[in-house]
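Student: Read in order, the letters of the sequence shown correspond to residues 95 to 331 in this note's numbering.
The beta-carbon is built from N, C-alpha and C at its ideal position, and this holds for glycine as well.
I have a structure here, written as structure tokens, and I will follow up with some questions on it.
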Amino acid sequence: MKRIFAALAACLLFGMPEDVAAQEVQPSVKTVVGWEAVGRLNISGRNMCTGALVAPDLVVTAAHCLFDPVTGQQVNPNGIRFEAGLNGRRAKAARSVVKAVLHPGYQYKRNADAQLGHDIAILRLDSPISRLMIQPFKLAGQPARGAAVDVLSYSMAQQDRPNLEKGCEVLARQNQTVVMTCRVDFGASGAPVFSVTPGRKPQLVSVISAKAAMGKRRVSIGTTFDQTVHAMMRSAS
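Here you go:
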């Protein structure tokens, strides 16, 4: 497992200009129960990420999404807008962000591997989204090695409709970091990684921190949830 993480250290990619082809056609997002709780984050009109509701007024995403990739400066959370359930031209609900809480162990650095394990943030919306309209997702523990997970994300190549990748495999775990076979593109940072049980609403087990490569194999890196994230949610409320 240590060899896997060492091999990834030099090839992590975060929010950089789009230079890849559009993703392959994937199963319809409508096959994911409650998918509307996933949305696109428009960041200061210049960048984008993906986020997911974990409470009527709280969104989880990647911490590095809150930093300008050019200047390295933290963006004003008031310039972020969350569009839940965006599928084409319309979103199920849209809200502005009024507060951002970063993981206390996170420090923005252009050296991507320094961010692993802490790359997570909680955003508070200016007003709650009714549970009658959209049900937030519940957080769950770190997935086991070999577990199957799904990822639902927006990307620079597919900005207006979420892309669903089903049945990815967890290749390795280390502290609060997981390596997965999920293939994601720029803009997917902060996207929810789901543990799916047939007949039940998916639970969030991680958020996407980066895409990477192991040799010629494309993989993704996720940050999982611990008690610190629950404390962040209380602080953001």
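(1) Alpha carbon to alpha carbon, how far is H212 from M326?
(2) Does the separation of the CB atoms of V278 and S329 fall below 9 Å?
(3) Give me, in chain order, the residues of the same chain whose beta-carbon lies closer than 6 Å to that of V284; leave out the 5 immediate sequence neighbours on both sides.
(4) Looking at chain D, is there any beta carbon in it that lies within less than 9 Å of the beta carbon of W129?
(5) What's the gap between the Cα of S289 and the Cα of L217?
(6) Starting from A149, follow the beta strand (DSSP E) in both directions and report where the run begins and ends.
(7) If the criterion is Cβ atoms closer than 9 Å, does the pair G179 and E130 meet it?
(8) Does DSSP put P171 in a helix, a strand or coil?
(9) What does the alpha-carbon distance come out to for the pair I137 and G173?
(10) What did DSSP end up calling C159 once you bin it into helix, strand or coil?
(11) What does the alpha-carbon distance come out to for the pair S224 and L147?
(12) Put K124 into one of helix, strand or coil per three-state DSSP.
(13) Residues bridged to Q297 by DSSP?
(14) Do you know whose CA, among D254, G133, M274 and N257, lies nearest P230's CA?
(15) Grab me the residues of S190's own chain with a C-beta within less than 6 Å of its C-beta, minus the 5 sequence neighbours each way, in chain order.
(16) Along the chain, which unbroken stretches of the alpha helix (DSSP H) at least 4 residues long are found entirely within the segment 202-237?
(17) Could you tell me if H197 is buried or exposed, where buried requires 16 or more neighbouring beta carbons within 10 angstroms of its beta carbon?
(18) Which partner residues of L136 appear in the DSSP bridge assignment?
(19) Would you decide whether S331 is buried or exposed? Buried here means 16 or more other CB atoms lie within 10 Å of its CB.
Tutor: Straight from the coordinates:
(1) 12 Å
(2) no
(3) The question names Val, but residue 284 is Gly in the sequence shown. So the qualifying residues of the chain are C143, T144, G145, T155, A156, C159 and V301.
(4) The chain labelled as chain D is not found in the depicted structure, where only one protein chain is given.
(5) 22 Å
(6) N141 to A149
(7) yes
(8) helix
(9) 6 Å
(10) helix
(11) 11 Å
(12) helix
(13) S289
(14) G133
(15) R175 and D220
(16) none
(17) buried
(18) Per the sequence shown, the amino acid found at residue 136 is Asn instead of Leu. M142 and R175, per the DSSP bridge assignment.
(19) exposed
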